Each structure stands twice: as C-alpha cells, then as structure tokens.
Ligand code: XMP
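Residue numbers (our numbering): 1130 to 1730.
Structure representation (structure tokens):
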C-alpha cells in the first residue's frame, strides 16, 4: 500500500476499478488499486477494502483469489459482483450460474431497510447489473438487504463483521443512489483524508528526496499532464534544476505552443526549449497516405528529434540528469500495474527502454498517483490558467491523425447492394474515403455514409436512429455523417494528397472556429469530452476539401457517444467554416464508439 489508512480496491479484473477509486477520492478519502493477491500483511493498515467485479466465474479453476484473511481484519469490506461471489464462497456460502443473465438497469426491492449502506434507496430503485453468476446460499451470519426479480440475493451484509456485498455496481452513474451507497461505506472506514492540495504538499517532499542533487529533463508534449508535471517540478526544484523540451511537430493546434509558453513564462518558468521541427516532419510525411504508416513516421521522427536535441544539450543520465514524465495513475495500471486489469495498450510512457530506466531509478513521475481530474485541479493550484488545464485531450500525433490523405489510386466502389434502403425519406451518399472503426473485438477500415436532410442542422430522432442502425445492418460502413452544407451533389471530387503545411493550416483554422464556438457555451464545453475536427480530401471540384465535426461525450474514451450540439451552434460553426477558402462541405459525425472510433484514423 502506498499510504496507510487508504481504502484499497482489490482489482479482480473488472473495468470499473478506476471508477471506484476515483469516486472514493472525490469523497475525500484516499483510495488505491492493488492486485487481489496482495499479501495479507500488506493490507493490515487499510481503512477498508472494496472487492471489484471481474469477468471470470469464482468457481472456475484459475479465477483470481484474495487472501480470505482480509475478511477477518475487522475493517469494512464491500464485495461488488465478482467480489460478492468471492466473499460468499470464501465464507462458506454458495455461488452458481444464474438462471437468467442480468445485464443493465434493474429495479431492486430493499429488505429490512437496506442495512447500513442501502438506507437511501426506496423500493423500485434502479441499479446497474452485469452478471451471469449469483449467490444461491448466503454465508452464515449474513442477512439479505436487497432483492431483484432475477437475482434473489442482490445485496446482503453481516453488519457485526462490517462485511457487505452487492451484486450490482454502485460506482456507475446508472445506479440510483450509487454515490450514497459508497459514501455510507466510506463513512464506516477510518480513511486518510485526501485532497489535491494535501497531495501537492506531500509530493513536493517526495520529489526533493527522490531527485536528491540531480536534475530533471522533461519532454513537454503540449498536453495537460506533461505541462502540469513540468510546472510542479519547476516549482519544487527551481528552474535551474529542470529543463523542458517541446518538439513542435507542425501538427499542433492554432497557437497551442504559444499558449503553453505564455502560461509557463507567467509563472517564471523559462526553461522550456521549443524545437521547431515542422519541416522535418513534413519532409518525412511526403507521399505517406496510409494511417498506420503516418502514425509510425510521426512517432519515429519525434524520437529522432528528441534524441538529437537532448544529445546536443548534453542531457545524459550519467551527467546527473533524470527523465521526468507526466504519467498519471490509470496509465500505470493499464499496462499491467495490477495483474488482472486488461492490457489495453502499452502506454508510450511505459515502453521497454523507459521501464528499464524506471528500474534503475532514473525516472521521476510526480503525477503517477493522480487521476486526470486531479491533475487538472493540481494545475490550477500551481497557477496554470483554467483554459489550459481543462482543455480537451488531444492525441500525440496531433492533427496528423485528423487529416485524411488520398493516394493517387481510386478506392474500390462500394457495391450498390451494400447501400442500406432509403430511411425516413433521407437521401444518402457514399463518401470516397474510409476511416477506422472498432466492431466486435477488431479494427475495421470502411467507408463513411452521408445523410442529407431538409433541415440540416437538426439532429432529429430519425437521423439518430438511422445513424445507429446503418453500421449494424450494412457491413460496408462503420460511420454515418449528416451533411450540414449541401443537397446531394452530382459527385464528390477526390483530390490525391498527403500531409502538407497548407492542409494543416486549413484544418487549424476550422478547428479553431469549431472550438471557439463551443467555448461560447461553457456547459457544452464541459459536457463534450473531446471534439476532433477532421479534414477530408474531397470537395465539389478538384482541390476542394471537406470538414467533419466530431464532438463526443465520454468518460474514458473506451466508449463514446456522438454529442448532439444545439442547432444554432452547429449552424454558426458550419457557416464560418464554409467561409474558409478551400472548404466545400461540412459534415457532422453521428456515430458512437463502437462502431466508429473517436478519431478517424
Ligand atoms: P480512438 O480513436 O481509439 O481514441 O477511439 C481514443 C482516445 O485516444 C486518443 N488517441 C491517441 N492518443 N496517441 C495518443 O496520445 C495516439 O496515437 C492516439 N490515437 C488516439 C484519442 O484522441 C481519444 O481520446
């Protein structure tokens, strides 16, 4: 355990462990995630334990197990879903496959007032269920606290031993009073208080100790995490002991580099070297059309520039330099920090060379215990402008993955029978580009279909329903757009082209307009999680281009919904973008993730 008296979430592999921990922290109690096989001795100081859900069945061989001794420590323990099953079995109850698999919103009936944790719930209160197994016999001493039609033992507890179990997930927002349930659990634990301000004080002392008399070199990407980490290191160690490098790839948003430089210099931080490498990036990207190749070229060029500049600046570890990184808590967990969490992708802060440096004590990551919203709060505490710290996330390869390129060869046509039948009287047209999607468990690379509507700025329920159904019924498409600017044209004229400074600056302008309009409405700015604006290589005539607006709502980017912005806002964005020289069409991406990914490439 990182801190005594924390609330520990033992992660049985469910997708919600981070959600639980971040919710608990927002209640002001320290929470951390550990693997279920953490030795009992290491858990003795915990203030409470939450057993997360998990994809396996507890009676299966090899299913994750914790030390049953945790149930006799005398501290509150709450088992959720798989956690309930494990607790039931460990204490002599019985778990079996349920007769009905329950998934989604379910009403529960509270029994005997719901015990300590369900007191806020009334009968018919909706909870979020997602399970195949269920407890068929409770362990001795437990009493039932809630039941549902499909699951007799939806919640139960042994208050004298402070042991609680829910078949459902209180941590997801679909569970009514879920937050109250967790708050009541936290109130039973004597947990160490948690706040970002408190963290900042403690981490300052830790940074001093870890760095000793060395110095820290940091790559600042322009993103929130590295900017906050760099600011923190500067404020703790002083500008003479920190050096930052920002590689300007030429693929960043309008004025982005300037904003960062300005915000830092207002805090007296002038040790950020900006290396303008745009020319090198554009040179290496000449003639590159394929999305994956583009990503690889951008990544490799970035490494080359970074290596060259850091060598020229003599920033070597054997000269007393450490590497600073803006890694945050979910990044350390996602790459197998705990054994049962799904390995979604190897984060670039955890590639082999960096892992090796971490082992040698050459890396400092002052944000590694923080969630994204906590990093933003810390940024504000340190004096960075709110505009900068609350910015939407932006991908590393920047606008490079938001500019679709067109090879000189024509794409194969979509066969006529792949087109879905007319729906709700709307016309539709196949666009001459393909984009990335995620369907089933795999990546798809398919055409986008555009819908044309009499009232183009209105995302009606018909439009919405069509956009959901088309990728399901028609395997040729993974994305559905609403055309905001025209009736169906005779043809879309595709212009071969790759990533050029001219195309980047056109997209930069369109992106700046879209974000400026969105920022006019603070509530919508906060509601939208990310807002890619994408450039497509076709228009009404040769050389013409198109823009796609892709505002999405999400919590973690794993799934996302297309955000339906107000009509007047969509109209204002469209009119201003269409006025840009070279833009012929504006579209609105209506596709959720899945089936489409957030980014087009
Ligand atoms: P997708 O497109 O996979 O994106 O739905 C999910 C989230 O990841 C971001 N993203 C990236 N971030 N380097 C990054 O740093 C990348 O290559 C990259 N690709 C996607 C994307 O912006 C979204 O937030």
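Backbone N, C-alpha and C fix where the C-beta goes; we use that ideal spot for every residue, glycine too.
Since we're looking at a predicted model, the values are computed, not measured.
Give the single residue among the options whose Cα lies nearest to the Cα of residue i.
i            : options                   : result
residue 1297 : 1621, 1145 and 1191       : 1145
residue 1542 : 1676, 1605, 1478 and 1668 : 1605
residue 1192 : 1509, 1140 and 1233       : 1140
residue 1565 : 1421, 1522, 1378 and 1528 : 1421
residue 1331 : 1498, 1310 and 1137       : 1498
residue 1632 : 1608, 1568 and 1676       : 1676
residue 1129 : 1134, 1152 and 1136       : Because the chain spans 1130 through 1730 in this model, residue 1129 falls outside it and cannot be assessed.
residue 1528 : 1175, 1424 and 1366       : 1424
residue 1347 : 1478, 1516, 1205 and 1664 : 1478
residue 1726 : 1716, 1681, 1276 and 1714 : 1681
residue 1574 : 1721, 1419, 1317 and 1307 : 1419
residue 1509 : 1356, 1202, 1460 and 1270 : 1356
residue 1137 : 1318, 1232 and 1194       : 1318
residue 1501 : 1489, 1521, 1486 and 1513 : 1521
residue 1595 : 1415, 1512 and 1554       : 1554
residue 1217 : 1396, 1286 and 1538       : 1286
residue 1549 : 1601, 1561 and 1457       : 1601
residue 1230 : 1220, 1261 and 1221       : 1261
On the premise that residue j lies in contact with residue i, defined as a C-beta separation below 8 Å, what is that separation, rounded to the nearest angstrom?
i            : j            : result
residue 1250 : residue 1243 : 6 Å
residue 1524 : residue 1518 : That belief does not hold up - the Cβ atoms of residue 1524 and residue 1518 are roughly 18 Å apart, past 8 Å.
residue 1272 : residue 1256 : The Cβ separation is near 18 Å, so there is no contact.
residue 1635 : residue 1719 : Between residue 1719 and residue 1635 the Cβ distance is about 24 Å, and since that is not below 8 Å, they are no contact.
residue 1733 : residue 1322 : For the chain, the structure presents residues 1130 to 1730; residue 1733 sits outside this window and is missing.
residue 1434 : residue 1406 : 5 Å
residue 1580 : residue 1611 : 5 Å
residue 1196 : residue 1168 : 7 Å
residue 1336 : residue 1374 : So it is not a contact: roughly 19 Å between Cβ atoms.
residue 1265 : residue 1228 : Not quite, the Cβ-Cβ distance comes to about 10 Å (not below 8 Å), so this is no contact.
residue 1239 : residue 1246 : About 11 Å; that fails the 8 Å criterion.
residue 1283 : residue 1275 : 4 Å
residue 1662 : residue 1647 : At roughly 10 Å, the Cβ-Cβ gap does not stay under 8 Å, so residue 1662 and residue 1647 are not in contact.
What three-state label does DSSP hand residue i in the structure shown?
i            : result
residue 1290 : helix
residue 1443 : coil
residue 1498 : coil
residue 1253 : coil
residue 1568 : strand
residue 1395 : helix
residue 1449 : coil
residue 1465 : The pLDDT assigned to residue 1465 is 41, lower than 50, so where the model puts this residue is not dependable; a value taken from the coordinates is nonetheless given after this. DSSP places residue 1465 in helix when its eight states are reduced to three.
residue 1470 : Low confidence applies here, because residue 1470 scores a pLDDT of 42, under 50, leaving its location unreliable and the question unanswered by this model.
residue 1297 : coil
residue 1322 : strand
residue 1166 : coil
residue 1148 : helix
residue 1722 : strand
residue 1197 : helix
residue 1556 : strand
residue 1264 : strand
residue 1434 : helix
residue 1172 : helix
residue 1338 : helix
residue 1204 : coil
residue 1459 : helix
residue 1327 : helix
residue 1308 : helix
residue 1385 : helix
residue 1279 : coil
For the ligand COA, any of its heavy atoms closer than 7 Å to the Cβ of residue i?
i            : result
residue 1532 : As far as ligands go, the structure on display features the ligand XMP and does not contain the ligand COA.
Quiz item: Fully enclosed by the segment 1570 to 1651, which beta strand (DSSP E) runs are 3 residues long or longer?
Solution: Those beta strand (DSSP E) runs which fall completely within the segment 1570 to 1651 and span 3+ residues are 1571 to 1581 and 1606 to 1612.
Query raised in the report: At which residue ranges does the segment 1352 to 1383 contain complete beta strand (DSSP E) runs of 3 or more residues, listed in the order of the chain?
Result: If you keep only unbroken beta strand (DSSP E) runs of at least 3 residues inside the segment 1352 to 1383, you get 1371 to 1377.
Fully enclosed by the segment 1479 to 1542, which alpha helix (DSSP H) runs are 4 residues long or longer? Secondary structure remark: continuous alpha helix (DSSP H) runs of at least 4 residues inside the segment 1479 to 1542, in chain order: 1481 to 1488, 1501 to 1511 and 1515 to 1518.
ask   = Hey, which unbroken runs of the alpha helix (DSSP H) at 4 residues or more fall wholly within the segment 1206 to 1247?
value = Positions of the alpha helix (DSSP H) runs, each at least 4 residues long and wholly inside the segment 1206 to 1247, are given as 1211 to 1219 in order along the chain.
- So, do the segment 1648 to 1659 and the segment 1615 to 1629 have three or more beta carbon pairs nearer to each other than 8 Å? Using a Cβ-Cβ distance cut-off of 8 Å, the segment 1648 to 1659 and the segment 1615 to 1629 are not in contact, since fewer than three pairs of beta carbons, one from each stretch, lie closer than that value.
If contact is defined by three or more beta carbon pairs under 8 Å, each pair taking one atom from either stretch, is the segment 1302 to 1322 in contact with the segment 1340 to 1354? Short answer: they don't touch.
Notebook entry, point to check: Below 8 Å, can you find three or more Cβ-Cβ pairs linking the segment 1377 to 1393 to the segment 1344 to 1354?
Noted result: The count of Cβ pairs closer than 8 Å, one atom from the segment 1377 to 1393 and one from the segment 1344 to 1354, reaches three, so the stretches are in contact.
inquiry  = Below 8 Å, how does it come out for the segment 1210 to 1218 and the segment 1171 to 1186: are there three or more Cβ pairs, yes or no?
reply    = Segments in contact, yes.
Whole runs of the beta strand (DSSP E) within the segment 1395 to 1432, excluding any shorter than 3 residues | Counting whole runs of 3 or more residues, the segment 1395 to 1432 contains the beta strand (DSSP E) stretches 1401 to 1405.
- Query: For the segment 1699 to 1708 against the segment 1629 to 1645, are there 3 or more C-beta pairs whose distance is under 8 Å?
  - Reply: By the Cβ rule, the segment 1699 to 1708 counts as touching the segment 1629 to 1645, because three or more pairs are nearer than 8 Å.
Is the segment 1582 to 1601 close to the segment 1683 to 1701, with three or more CB pairs under 8 Å? Short answer: they touch.
request  = Check whether the segment 1486 to 1495 touches the segment 1445 to 1463, taking contact to mean three or more Cβ pairs, one atom from each stretch, closer than 8 Å.
outcome  = With the cut-off at 8 Å, the segment 1486 to 1495 and the segment 1445 to 1463 touch.
Scan the segment 1650 to 1728 and note each continuous alpha helix (DSSP H) run of 4 residues or more that stays entirely inside, going in chain order.
List check, alpha helix (DSSP H) in window: 1651 to 1656 and 1696 to 1707.
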